[in-house]
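Undergrad: If you're matching them up, the sequences are chains A and B in order. Quick note, the first sequence lines up with residues 1 to 469 if you use the working numbering. Quick note, the second sequence lines up with residues 1 to 469 if you use the working numbering. The C-beta atom is built at its ideal place from N, Cα and C for all residues, glycine as well. Values in this document were obtained by computation on a predicted structure and should not be read as measured data.
2 protein chains.
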Amino acid sequence: MDMWLIQLNKTSQTPLYAQLYEEMKEAIIRGDLLVGTKLPSKRKLAEFLSISQTTIELAYAQLVAEGFISSVSRRGFFVEEVAELAYVEQPREIADELESVKPNYSIDFHSGKIDTSAFPFNQWRKYAKDVLDESSRDLLLLGHPQGDLELRQEIASYLYSSRGVRCAPQQIILGSGTEQLMPLLIRLLGKQSVYAIENPGYPLTHHIFVNHDRSVTPIPVDSDGMNVNELEKTDASVAYVTPSHQFPTGAILSASRRVQLLNWASAKEDRYIIEDDYDSEFRYIGKPIPSLQGIDQSERVIYISTFSKSLMPSLRMAYLVLPMHILQEYRKTFPYYSSTVPRLDQHVLAQFMNAGHFSKHLNRMRKIYRKKLEKLTSSLADYAPLVQISGEQAGMHIVLTIDLEKTDKELVKLALDQGIRVYARSEYMVTSNDQSSKPQILLGFGGFLETEIEKAVQLLMDAWGISST
Amino acid sequence: MDMWLIQLNKTSQTPLYAQLYEEMKEAIIRGDLLVGTKLPSKRKLAEFLSISQTTIELAYAQLVAEGFISSVSRRGFFVEEVAELAYVEQPREIADELESVKPNYSIDFHSGKIDTSAFPFNQWRKYAKDVLDESSRDLLLLGHPQGDLELRQEIASYLYSSRGVRCAPQQIILGSGTEQLMPLLIRLLGKQSVYAIENPGYPLTHHIFVNHDRSVTPIPVDSDGMNVNELEKTDASVAYVTPSHQFPTGAILSASRRVQLLNWASAKEDRYIIEDDYDSEFRYIGKPIPSLQGIDQSERVIYISTFSKSLMPSLRMAYLVLPMHILQEYRKTFPYYSSTVPRLDQHVLAQFMNAGHFSKHLNRMRKIYRKKLEKLTSSLADYAPLVQISGEQAGMHIVLTIDLEKTDKELVKLALDQGIRVYARSEYMVTSNDQSSKPQILLGFGGFLETEIEKAVQLLMDAWGISST
DNA sequence: GGGTATTTGTCCGTATGTATG
DNA sequence: TCATACATACGGACAAATACC
């Protein structure tokens, strides 16, 4: 037991569990704790250190989340193999050509990665078990085609208080991801619609428009978001925008642009705005900006969002909020449709939200991501003014503008040669000619541990030959 | 805590706390904030709105003074009952028109109803809990875009042994229902494809073709299934068929027709067959007929099926089996797509199948449905020869041919007057002129208890004025 | 059921701008 | 011009209550 002698400072600023976590992590990395070693039980260690079990639990949970130890149900906690900066890759299938492609990088700045370590798995499990235990066999049958009312009510209430979206539960249509909902919307808006999309923009939605044989008009994006003046020059009837954190530039649609855009929409009968609020949950500085839907008076904004970033991507839940007149059209157009979301999952989420865990989780995650963001920006600050940061107000990625005589694709290549995957702004351009004079690179930070960020930035700058100032 | 999106104007004349106070008062009066709702804590709101706690304090104090909210020490602020009735605008939860429609019948012969009483809920629960307990956080992230390999392997193995479908797990694409998969397939097959559909046929798929602006050619159906001679006369390139139990006639595609259909498909490069095996699991008499996919040599059959009938409709799981060359096309066409089925559910089903519960359940259900079917046919036998039965070899509905001088729609009406919902064959016709000389009625039996069937048949015959012989 | 970390309302010290005399 | 009072806004200390398993 003597090897578990860990010095804790009860008067220190840093919480006890954090001290404990740091100590154990160091011990594992140093090699003092060998792979496979069983850690002392929560009760034993708590008694030994004269602290609470909960504190140990917190420390262990953090270690589990970061892969240093693993938990075996009803047996104990065991030390795992660790290699610094080694990212946990999902176990891939062998036979499948799709997955046999092994990435030739060990550090990935992809913007879609999220942090699952703090997901309240236990709570989720609890509600999942409750639903399974208490639910009747009626839940096996089909529910409401737009999703069960219980969940739609929770979403409506959340949207109002958190995003300023004003809607009745009846206006919400639940679906299994943007991939499933956007096609419905596209069919609803008719084949004559011409879609204005942000350039650069989100490739998945662009792909969906094109794949549905719809006309697409790219509109340039600047630091205030989509250039509405340019939009007004086109014959587009539907504008697809990401106002709260434009993808990929990170721009936030300015107040005047918002008004201008809404005016554009209400000027003609068949004009609509699709507001994709994909990562609006995470805004770090400044006043919250309400959704377009909330300030729209003319019922022209169709709101779409998802739980992929805020809860988990694998849950496959997203939703549309339709204006009333479009809702009626929807019901006429898709009379045979059933909801594509499993009802058991709907009920788990509804209960989870009802108990307030969703808001809590968002608050927790906002803090975590803010810390990561701060780490990232402070790490990058050493390399100014060659490297400038933008798009850091919200979301889970930032944009670097790099003052080098290289294209962004060349920079991606240079990084990749050192095993670092970053993403070029030009990859998201619809038209090939990118006006931006300086190369821009996207850095997603959601998937990193806070402790890994500084090192990763260093390696990236080394790869580009930029030294700190 | 929820985030309360309130627009504050820092440059305005009116003080911040007054703006805040007004906003919240309005929200309470409108009913946006329900009685008992907990307001965000001062710190949270202050942080979120980037203003001081004191400002919030002032606003809250004002609201407390005027009775809109109450303060509970160290717990929070809560919305109070607003007494003034004059404020009440409109009830927020207007009864949903879709949900408020109450059926004006007490007996329903709908063919989509299934028997949930024998569903092995306990087993399912067990595996669901196991997955929740044992699964790692990796399950929160996206899995394979076609569905996790584990489940696709189980499906492939089931399809081979029970349906004669030959496929590798790689060829399977998991989706959340036919509604989600068919559109993918339609887009994959291109806009120039002309779809031959059964007439009468399944309205949902027909609807999906039309909704995607695809050309549709109805092909008549007789007691041997789709008339392939008629198909050959058309310029259709894709034939959508339900060979194992044609919907709605219940016909089983004959052996010679199967060969003829496969020959039709292989005669030209761009021809395909979509085999919808929606209720193939339940076949009651005669040898099981293998799927078209299994006897196809030229890779022209696209197989689609679902777990809606065999497990539960609310699970939302269906799958496509693509020929290899189409699979490659699929991966090229939809490079950005993710699976729309929640991974936790995928793993539950995979374990459920792996342990053999799925086959067991099918065997059990087959027995149960067979008994119901026997009860139904024996009850109806008393009314022969006025009432003839067909389509009773498989599936969960039969077809009655009634020797009365009435249309089937008139018969539906007569039944409805007595509180019995039955379905007319003509409702499923694509073209309005129904050739069938005698009226035909569909009777689904899945949703009935065995004991209820005789009485229901009696009531139905009474409604039609048919007496037993 | 216990006990610790965290959240929460309450209270207080302070700073700034404005109006008043 | 200066002193005083008030309104508004910011930040922190404290102790009670809650969340968490």
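Taking only runs of the beta strand (DSSP E) that begin and end inside the region 204-290 of chain A, which ones reach a length of at least 3 residues, in chain order?
TA: 215-222, 238-241, 272-276
Undergrad: Hey, would you say His-206 of chain A sits closer than 8 Å to Ile-219 of chain A, going by beta carbons?
TA: Start at 1 with the first residue of the first sequence, and residue 206 of chain A comes out as number 206. Start at 1 with the first residue of the first sequence, and residue 219 of chain A comes out as number 219. Going by C-beta atoms, His-206 of chain A is not nearer than 8 Å to Ile-219 of chain A.
Undergrad: Can you tell me whether Tyr-160 of chain B is buried or exposed? The criterion is at least 16 other CB atoms within 10 Å of its CB, across all chains shown.
TA: Within the second sequence, residue 160 of chain B is the residue found at index 160, counting from 1. Counting Cβ neighbours within 10 Å, Tyr-160 of chain B comes out exposed, since fewer than 16 surround it.
Undergrad: For chain B, is any of its Cβ atoms less than 8 Å away from the one on His-207 of chain A?
TA: Mapped onto the first sequence, residue 207 of chain A falls at position 207. Yes, His-207 of chain A lies at the interface with chain B (some Cβ there is under 8 Å from its Cβ).
Undergrad: Nearest-angstrom Cα distance between Gln-180 of chain B and Arg-316 of chain A?
TA: Position 180 of the second sequence, counting from 1, holds the residue named residue 180 of chain B. Position 316 of the first sequence, counting from 1, holds the residue named residue 316 of chain A. Answer to the nearest angstrom: the Cα atoms are 13 Å apart.
Undergrad: Determine the extent of the beta strand (DSSP E) in which Thr-306 of chain A is found, giving its start and end residues.
TA: Along the first sequence, read from residue 1 onward, the residue named residue 306 of chain A stands at position 306. Where Thr-306 of chain A is concerned, the enclosing beta strand (DSSP E) stretches over 301-306.
Undergrad: Measure from the C-beta of Tyr-423 of chain A to each C-beta in chain B and report whether the shortest distance is under 8 Å.
TA: Locating residue 423 of chain A in the first sequence gives position 423, counting from the first residue. No - not a single Cβ of chain B is within 8 Å of the one on Tyr-423 of chain A.
Undergrad: Do Val-35 of chain B and Val-64 of chain B count as a contact pair if the criterion is CB distance below 8 Å?
TA: For the purposes of this step, residue 64 of chain B is taken as residue 64 along the second sequence, with counting starting at 1. For the purposes of this step, residue 35 of chain B is taken as residue 35 along the second sequence, with counting starting at 1. No, the pair does not count as a contact, with Cβ atoms beyond the cut-off.
Undergrad: Would you say Asn-211 of chain A reaches chain B, if we count a Cβ-Cβ gap shorter than 8 Å as a contact?
TA: Counted from its first residue, the first sequence places residue 211 of chain A at position 211. Chain B contact via Cβ: present.
Undergrad: Is any beta-carbon of chain B found at less than 8 Å from that of Ala-128 of chain A?
TA: As a position in the first sequence, residue 128 of chain A is number 128, starting the count at 1. For Ala-128 of chain A, a Cβ of chain B is located within less than 8 Å of the residue's own Cβ.
Undergrad: For Leu-400 of chain A, name the three-state secondary structure that DSSP assigns.
TA: Along the first sequence, one-based indexing puts residue 400 of chain A at 400. Strand.
Undergrad: Can you tell me which residues form a DSSP beta bridge with Phe-78 of chain B?
TA: The residue given as residue 78 of chain B occupies position 78 in the second sequence. For Phe-78 of chain B, which the question treats as bridged, DSSP gives the partners B:Lys-38, B:Ser-70.
Undergrad: Would Lys-191 of chain B pass as an interface residue toward chain A - the criterion being a Cβ-Cβ separation below 8 Å?
TA: For the purposes of this step, residue 191 of chain B is taken as the residue at position 191 of the second sequence. Lys-191 of chain B counts as touching chain A.
Undergrad: Sort out for me which residues DSSP pairs Tyr-319 of chain A with in a bridge.
TA: As a position in the first sequence, residue 319 of chain A is number 319, starting the count at 1. In DSSP, Tyr-319 of chain A forms a bridge with A:Leu-174, A:Ser-305.
Undergrad: What whole-angstrom Cβ distance do Gln-346 of chain A and Asp-148 of chain A have, given they're in contact under 8 Å?
TA: Taking the first residue of the first sequence as position 1, residue 346 of chain A is located at position 346. Taking the first residue of the first sequence as position 1, residue 148 of chain A is located at position 148. Contact holds; Cβ gap of about 5 Å.
Undergrad: Can you give, in chain order, each stretch of the alpha helix (DSSP H) that sits fully within the region 175-199 of chain A and has at least 4 residues?
TA: 178-188
Undergrad: Under 8 Å between C-beta atoms, does Leu-327 of chain A make it to chain B?
TA: For this step, residue 327 of chain A is matched to residue 327 along the first sequence. It does not: the Cβ of Leu-327 of chain A has no partner Cβ on chain B nearer than 8 Å.
Undergrad: Do the CB positions of Val-399 of chain A and Val-412 of chain A come within less than 8 Å of each other?
TA: Along the first sequence, read from residue 1 onward, the residue named residue 399 of chain A stands at position 399. Along the first sequence, read from residue 1 onward, the residue named residue 412 of chain A stands at position 412. Result no, Cβ atoms of Val-399 of chain A and Val-412 of chain A do not sit closer than 8 Å.
Undergrad: How big is the Cα-Cα spacing for Ser-71 of chain B and Trp-124 of chain A?
TA: In the second sequence, counting from the first residue as 1, residue 71 of chain B sits at position 71. In the first sequence, counting from the first residue as 1, residue 124 of chain A sits at position 124. Between Ser-71 of chain B and Trp-124 of chain A, the C-alpha separation is close to 31 Å.
Undergrad: Pull up the CB-CB distance for Gly-447 of chain A and His-397 of chain A, whole angstroms please, since I reckon it's below 8 Å.
TA: In the first sequence, counting from the first residue as 1, residue 447 of chain A sits at position 447. In the first sequence, counting from the first residue as 1, residue 397 of chain A sits at position 397. Not really, about 10 Å apart at Cβ, beyond 8 Å.
Undergrad: Rounded to whole angstroms, what is the Cα-Cα separation between Glu-89 of chain B and Ile-29 of chain B?
TA: By one-based count along the second sequence, residue 89 of chain B stands at place 89. By one-based count along the second sequence, residue 29 of chain B stands at place 29. The predicted position of Glu-89 of chain B is uncertain, since its pLDDT is 33 and thus under 50; a value taken from the coordinates is nonetheless stated next. Cα to Cα, the separation comes out at about 9 Å.
Undergrad: Using a Cβ-Cβ cut-off of 7 Å (strictly less than) and excluding sequence neighbours within five positions of Pro-120 of chain A, which residues of its own chain qualify?
TA: As a working mapping, residue 120 of chain A is identified with position 120 in the first sequence. So the list reads His-357, His-361, once near-sequence residues are dropped.
Undergrad: For the alpha helix (DSSP H) that contains Gly-294 of chain A, what are its first and last residues?
TA: Taking the first residue of the first sequence as position 1, residue 294 of chain A is located at position 294. Segment 292-295, the alpha helix (DSSP H) holding Gly-294 of chain A.
Undergrad: Quick one: residues in its chain with C-beta nearer than 8 Å to the C-beta of Val-221 of chain B, no 5 flanking neighbours on either side, listed in chain order?
TA: Along the second sequence, read from residue 1 onward, the residue named residue 221 of chain B stands at position 221. Cβ neighbours of Val-221 of chain B beyond the five flanking positions: Glu-198, Asn-199, Pro-200, Gly-201, Asn-227, Gln-246, Thr-249, Ala-251.
Undergrad: Apart from the five residues on each side of it in sequence, which residues of its chain come closer than 6 Å, Cβ to Cβ, to Leu-494 of chain B?
TA: The structure shown has nothing for residue 494 of chain B, since chain B only spans 1 to 469.
Undergrad: Look at the alpha carbon of Gly-294 of chain A and the alpha carbon of Arg-258 of chain A, and state the distance between them as a whole number of angstroms.
TA: Locating residue 294 of chain A in the first sequence gives position 294, where the first residue counts as 1. Locating residue 258 of chain A in the first sequence gives position 258, where the first residue counts as 1. Going from the Cα of Gly-294 of chain A to the Cα of Arg-258 of chain A covers about 11 Å.
Undergrad: For the pair the region 140-154 of chain B and the region 162-175 of chain B, tell me if three or more CB-CB distances fall below 8 Å.
TA: Result yes; three or more Cβ-Cβ pairs closer than 8 Å.
Undergrad: Short of 7 Å in beta carbon distance, which residues of its chain neighbour Asn-354 of chain B, apart from the five on each side in sequence? Order them along the chain.
TA: Along the second sequence, read from residue 1 onward, the residue named residue 354 of chain B stands at position 354. Around Asn-354 of chain B: Glu-154.
Undergrad: For Tyr-202 of chain B, which three-state DSSP category applies?
TA: Here residue 202 of chain B corresponds to residue number 202 of the second sequence, with the count starting at 1. Note: Tyr-202 of chain B maps to coil in three-state DSSP.
Undergrad: Do Tyr-105 of chain A and Ile-453 of chain A have their beta-carbon atoms positioned less than 8 Å apart in this structure?
TA: Against the first sequence, residue 453 of chain A aligns to sequence position 453. Against the first sequence, residue 105 of chain A aligns to sequence position 105. The answer is no: Cβ separation not under 8 Å.
Undergrad: Under 7 Å Cβ-Cβ, which residues of chain B neighbour Glu-179 of chain A?
TA: As a first step, residue 179 of chain A is located in the first sequence; it is residue number 179 there, counting from the start. Neighbours of Glu-179 of chain A on chain B, chain order: Tyr-337, Ser-338, Thr-340.
Undergrad: Under DSSP, the beta strand (DSSP E) around Leu-443 of chain A begins and ends at which residues?
TA: In the first sequence, residue 443 of chain A corresponds to position 443, counting from 1. Boundaries of the beta strand (DSSP E) around Leu-443 of chain A: 440-444.
Undergrad: Return the bridge partner residues of Gln-388 of chain A from the DSSP annotation.
TA: The count along the first sequence starts at 1 and reaches residue 388 of chain A at position 388. Answer is A:Thr-401.
Undergrad: Taking 8 Å as the CB-CB cut-off, is Gln-7 of chain B touching chain A?
TA: If you number the second sequence from 1, residue 7 of chain B lands on position 7. Answer yes: the Cβ-Cβ gap between Gln-7 of chain B and chain A drops below 8 Å somewhere.
Undergrad: Following the continuous alpha helix (DSSP H) through Ser-470 of chain B, name the residue where it begins and the one where it ends.
TA: Lying outside 1 to 469, the shown extent of chain B, residue 470 of chain B is not represented and no answer is given.
Undergrad: Measure from the C-beta of Arg-125 of chain A to each C-beta in chain B and report whether the shortest distance is under 8 Å.
TA: Residue numbering aside, residue 125 of chain A sits at position 125 when the first sequence is read from its first letter. Chain B contact via Cβ: present.
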